[in-house]
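Student: The sequence shown lines up with residues 72 to 535 when you count with the numbering used here.
Ideal Cβ placement from N, Cα and C applies to all residues, glycine included.
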Amino acid sequence: MSLLIRNGRIVTAVDDYHADIFVEDETVSLIGRDLDLEADRTIDAAGRLVIPGGVDPHTHMDMPFGGTTSADDFETGTRAAAFGGTTTIVDFAIQTKGHSTLEGLETWHEKAAGKAGIDYGFHMIVTDMEDDRLWEMRRLADEGVTSYKMFMAYPGVLYVDDGTLFRAMRKAGEDGTLVCMHAENGIVIDEIVKIALAEGKTAPKYHALTRPTRMEAEGVHRSIAIAEVAGVPVYIVHLSCADALEQVTLARDRGAQVFAETCPQYLFLDLSHYDHEDFEGAKYVMTPPLREKWNQEHLWRGLGFGDLQSISTDHCPFCFKDQKVLGVDDFSKIPNGGPGVENRMSLVYNGGVVGGRLSVNKFVELTSTAASKLFGMFPKKGTIAVGSDADIVVFNPDRRETISVNNPCTHHMNVDYNAYEGTEVQGVSEIVISRGRVVVEDNVWHGRAGGGNFLKRGLFGGPF
Ligand code: URP
Ligand code: ZN
Ligand code: ZN
Numbered sequence: 072m073s074l075l076i077r078n079g080r081i082v083t084a085v086d087d088y089h090a091d092i093f094v095e096d097e098t099v100s101l102i103g104r105d106l107d108l109e110a111d112r113t114i115d116a117a118g119r120l121v122i123p124g125g126v127d128p129h130t131h132m133d134m135p136f137g138g139t140t141s142a143d144d145f146e147t148g149t150r151a152a153a154f155g156g157t158t159t160i161v162d163f164a165i166q167t168k169g170h171s172t173l174e175g176l177e178t179w180h181e182k183a184a185g186k187a188g189i190d191y192g193f194h195m196i197v198t199d200m201e202d203d204r205l206w207e208m209r210r211l212a213d214e215g216v217t218s219y220k221m222f223m224a225y226p227g228v229l230y231v232d233d234g235t236l237f238r239a240m241r242k243a244g245e246d247g248t249l250v251c252m253h254a255e256n257g258i259v260i261d262e263i264v265k266i267a268l269a270e271g272k273t274a275p276k277y278h279a280l281t282r283p284t285r286m287e288a289e290g291v292h293r294s295i296a297i298a299e300v301a302g303v304p305v306y307i308v309h310l311s312c313a314d315a316l317e318q319v320t321l322a323r324d325r326g327a328q329v330f331a332e333t334c335p336q337y338l339f340l341d342l343s344h345y346d347h348e349d350f351e352g353a354k355y356v357m358t359p360p361l362r363e364k365w366n367q368e369h370l371w372r373g374l375g376f377g378d379l380q381s382i383s384t385d386h387c388p389f390c391f392k393d394q395k396v397l398g399v400d401d402f403s404k405i406p407n408g409g410p411g412v413e414n415r416m417s418l419v420y421n422g423g424v425v426g427g428r429l430s431v432n433k434f435v436e437l438t439s440t441a442a443s444k445l446f447g448m449f450p451k452k453g454t455i456a457v458g459s460d461a462d463i464v465v466f467n468p469d470r471r472e473t474i475s476v477n478n479p480c481t482h483h484m485n486v487d488y489n490a491y492e493g494t495e496v497q498g499v500s501e502i503v504i505s506r507g508r509v510v511v512e513d514n515v516w517h518g519r520a521g522g523g524n525f526l527k528r529g530l531f532g533g534p535f
């Protein structure tokens, strides 16, 4: 099977030029001007950007959490990702406390195999790591799971103490892998939550008001300090606010190997979304919570100046009617997480490139290339080059669309609301190609469940 993409403006993290791309089977085999070649299929990309498929390094499909399970499984979630121009996700396998991480990996392979419509990898969420289990970490790396996530939040659920953190970090550093941190002081936050509930403060907005930015900044500072002593690079996930960003910037300025992502929810939504008399605010209960709006300009600056390397979604959807209601009388019981895997590319293009905050190359870097490099997938993923996987998006930089669950529907995630309902974006993924196969075209799904492959990722290759 061959594919010729003609007349497009090819944009990668570093290039911007007009040329044709010839794809044979799953990979890009030739790039050049006016290629005189026959192909099984030709796509005319005149007037379009031709960009690498998006890489979202932070999703939670089919994740048991908060007394329920995230509403998208690997089939619906990866399909929605593809509609939005994302062709690779890195999701999170979870170690059940007291059990082997390898068992956890097996469970997540079963969840994804035969379902994922685009390529996927796994990080491993480590929930305990005694000395006699440390050997498993090298095995995970050999299996292509070359990054871990640990939580300073959610005591009694996913939380690990600083000793566990240090043990796992040391081993990760020895093995050449990367540690992802959910950096928030969950122990103090739980005390604040108890006080709020005792005062009868049960509405969704108290989720945000009980998680001060200082407690995120403290987690970022502490995790970086522990990582520096342990000798491992650390990647701060879902960084939400200026306080936390300051800690990343300070650490990077002194030469620490620290990387960080933020997410569209922290760039486009804010604390005012909790200002509802009814339970609507539960749609935005996620951790960290939405912050005061002024934080957003700091995050954009962090992205522009390179202290934040990547934009992920932390896609972890729960239906408003059936799942968020678990916390109708108590905000601390609302399942934490929100949808977004489908909307990331358009939102970032619109807010970043159209909004004059990012160059088009930076847009590609933040939504695709950087995550691919940080998480051991480059140059297979995250660029358009001879030999790379043909994960390509034909992106219309002029088309406008209003994000909506209905009227008309742009929404393919398996969740009954969209966090960005009614937002008009300029910049839409029109044709999405995953390893040489067109999986989305004319707003129709042409992929298949099971069409996505598990990605064995390489060791950490930075800094870069
Ligand atoms: O609220 C969130 N972020 N839910 C997903 C789990 C996590 O902490 O990433
Ligand atoms: Zn987290
Ligand atoms: Zn997450």
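In chain order, what residues of the same chain lie with their CB nearer than 6 Å to the CB of Gly302, ignoring the 5 residues before and after it?
Tutor: As a first step, residue 302 must be located in the sequence shown, where it is residue number 231. Contacts found: Gly244.
Student: Roughly how many whole angstroms lie between the Cα atoms of Ile502 and Ala269?
Tutor: By 1-based counting over the sequence shown, the position of residue 502 is 431. By 1-based counting over the sequence shown, the position of residue 269 is 198. Using only the alpha carbons, I get a separation of about 53 Å.
Student: Contact between the stretch 192-203 and the stretch 228-244 is defined here as three or more beta-carbon pairs at a separation below 8 Å; is this criterion met?
Tutor: Result yes; three or more Cβ-Cβ pairs closer than 8 Å.
Student: Is Phe222 near ligand 2 - that is, is its Cβ less than 8 Å away from at least one heavy atom of it?
Tutor: Translated into positions along the sequence shown, residue 222 becomes position 151. Indeed, a heavy atom of ligand 2 lies less than 8 Å from the Cβ.
Student: What residues in its chain sit with their C-beta under 8 Å from that of Gly375, if we drop five residues either side in the sequence?
Tutor: Along the sequence shown, read from residue 1 onward, the residue named residue 375 stands at position 304. Arg428, Leu429, Lys433.
Student: Within the present structure, is the beta-carbon of Asp144 separated from the nearest heavy atom of ligand 2 by less than 8 Å?
Tutor: Along the sequence shown, one-based indexing puts residue 144 at 73. Not under cutoff, so the answer is no.
Student: Run the CB neighbour count on Leu530, radius 10 Å, all protein chains shown included, and call it buried at 16 or more, exposed below.
Tutor: Looking up residue 530 in the sequence shown gives position 459. Exposed, by the Cβ-count rule.
Student: State the DSSP-derived secondary structure class of Thr320, mapped to helix, strand or coil.
Tutor: In the sequence shown, the residue the question calls residue 320 occupies position 249. In the structure shown, Thr320 sits in a helix (DSSP, three-state: H, G or I).
Student: Which same chain residues end up closer than 8 Å to Lys404 when comparing Cβ atoms and leaving out the 5 residues on each side of it in sequence?
Tutor: In the sequence shown, counting from the first residue as 1, residue 404 sits at position 333. Correct list, in chain order: Gly137, Gly138, Leu397, Gly398.
Student: Between the stretch 359-377 and the stretch 332-342, do at least 3 Cβ pairs fall closer than 8 Å?
Tutor: Yes, since at least three Cβ pairs between the stretch 359-377 and the stretch 332-342 fall closer than 8 Å, the two stretches touch.
Student: Give the secondary structure of Pro335 by DSSP, where H, G and I count as helix, E and B as strand, and everything else as coil.
Tutor: Looking up residue 335 in the sequence shown gives position 264. In the structure shown, Pro335 sits in a helix (DSSP, three-state: H, G or I).
Student: So, for Gly352: in the same chain, excluding its five sequence neighbours on each side, which residues have a beta-carbon less than 6 Å away from its beta-carbon?
Tutor: Against the sequence shown, residue 352 aligns to sequence position 281. Counting only Cβ-Cβ distances below 6 Å, and skipping sequence neighbours, we find Pro275, Lys276, Tyr345.
Student: Can you check whether the CB of Tyr488 is closer than 9 Å to the CB of Pro406?
Tutor: Residue numbering aside, residue 406 sits at position 335 when the sequence shown is read from its first letter. Residue numbering aside, residue 488 sits at position 417 when the sequence shown is read from its first letter. Cβ atoms of Pro406 and Tyr488: not closer than 9 Å.
Student: For Val85, which residues in the same chain have their Cβ closer than 7 Å to its Cβ, ignoring the five residues on either side in sequence?
Tutor: By 1-based counting over the sequence shown, the position of residue 85 is 14. Excluding residues within five positions, the ones whose Cβ falls inside 7 Å are Asn432.
Student: Which whole-angstrom value is the C-beta distance of Lys527 and Gly215, which I expect to be below 8 Å?
Tutor: Numbered from 1 along the sequence shown, position 456 holds the residue referred to as residue 527. Numbered from 1 along the sequence shown, position 144 holds the residue referred to as residue 215. Correct: roughly 3 Å between the Cβ atoms.
Student: Over the uninterrupted beta strand (DSSP E) stretch that includes Val300, give me the two end residues.
Tutor: Translated into the one-based positions of the sequence shown, residue 300 becomes position 229. That residue, Val300, is in no beta strand (DSSP E); its alpha helix (DSSP H) goes 284-301.
Student: Would you call the CB atoms of Glu413 and Phe154 closer than 9 Å?
Tutor: The residue labelled residue 413 in the question sits at position 342 within the sequence shown. The residue labelled residue 154 in the question sits at position 83 within the sequence shown. It is a contact, given that the beta carbons lie within the stated cut-off.
Student: Taking 8 Å as the line, does the beta carbon of His309 fall inside it for any heavy atom of ligand 3?
Tutor: Locating residue 309 in the sequence shown gives position 238, counting from the first residue. Checking every heavy atom of ligand 3 against the Cβ of His309, one is found closer than 8 Å.
Student: Using a Cβ-Cβ cut-off of 8 Å (strictly less than) and excluding sequence neighbours within five positions of Gln367, which residues of its own chain qualify?
Tutor: As a first step, residue 367 must be located in the sequence shown, where it is residue number 296. Hits under 8 Å: Tyr337, Leu338, Phe339, Asp341.
Student: In the DSSP assignment, find the unbroken alpha helix (DSSP H) run with Ser459 in it and report its ends.
Tutor: Your numbering for residue 459 matches position 388 in the sequence shown. Segment: none, Ser459 is in no alpha helix (DSSP H) and carries neither H nor E.
Student: Cβ of Gly290 within 9 Å of Cβ of Ala224?
Tutor: The residue given as residue 290 occupies position 219 in the sequence shown. The residue given as residue 224 occupies position 153 in the sequence shown. A contact, by the Cβ cut-off of 9 Å.
Student: In terms of residues, what are the limits of the alpha helix (DSSP H) holding Thr130?
Tutor: In the sequence shown, residue 130 corresponds to position 59, counting from 1. No alpha helix (DSSP H) contains Thr130, which is instead part of the beta strand (DSSP E) from 125-130.
Student: Pop quiz: Pro128 and Ser381 are said to be a contact at Cβ under 8 Å. What is the actual Cβ separation, rounded to whole angstroms?
Tutor: Residue mapping note: residue 128 aligns to position 57 of the sequence shown, counting from 1. Residue mapping note: residue 381 aligns to position 310 of the sequence shown, counting from 1. The pair is a contact, with the Cβ atoms about 6 Å apart (cut-off 8 Å).
Student: Would you mind working out which of Arg323, Ala288, Asp378, Val308 sits nearest Asp314, comparing C-alpha positions?
Tutor: Within the sequence shown, residue 314 is the residue found at index 243, counting from 1. Checked all of Arg323, Ala288, Asp378, Val308; the closest Cα to Asp314 is Ala288.
Student: Would you call Met72 buried or exposed, if buried means 16 or more other Cβ atoms sit within 10 Å of its Cβ?
Tutor: Residue 72 sits at position 1 when you count from the first residue of the sequence shown. Classification of Met72: exposed, given that the 10 Å Cβ count is below 16.
Student: Rounded to the nearest angstrom, what separates Asp400 and Gly118 at their Cα positions?
Tutor: By 1-based counting over the sequence shown, the position of residue 400 is 329. By 1-based counting over the sequence shown, the position of residue 118 is 47. C-alpha separation (whole angstroms): 52 Å.
Student: Going by Cα to Cα distance, which pick from Asp190, His369, Val424 is closest to Glu146?
Tutor: Stepping through the sequence shown from its first residue, residue 146 is reached at position 75. When each option's Cα is compared against that of Glu146, the closest is Asp190.
Student: Keeping to the same chain, check which residues put their C-beta closer than 6 Å to that of Val250; ignore five residues upstream and five downstream.
Tutor: Here residue 250 is taken as the residue at index 179 of the sequence shown, counted from 1. Here the set comprises Tyr219, Met240, Ala243, Val303, Val305.
Student: Smallest Cα separation from Val308: which of His369, Thr130, Gly377?
Tutor: To locate residue 308, count along the sequence shown from 1; it is residue 237. With distances taken between Cα atoms, Val308 lies closest to Thr130.
Student: Between Thr536 and ligand 2, is there a pair consisting of the residue's CB and a ligand heavy atom that are separated by less than 8 Å?
Tutor: Nothing about residue 536 can be read from this structure; the chain reaches only from 72 to 535.
Student: Ordered along the chain, which non-local residues of its own chain (more than five positions away) have a Cβ less than 7 Å from that of Ser443?
Tutor: Taking the first residue of the sequence shown as position 1, residue 443 is located at position 372. Closer than 7 Å at the Cβ level, and outside the excluded window around Ser443, lie Val126, Phe449, Lys452, Gly453.
Student: At the 9 Å Cβ level, is Pro226 part of the contact set with chain B, yes or no?
Tutor: The displayed structure is made up of one protein chain only, and chain B is not part of it.
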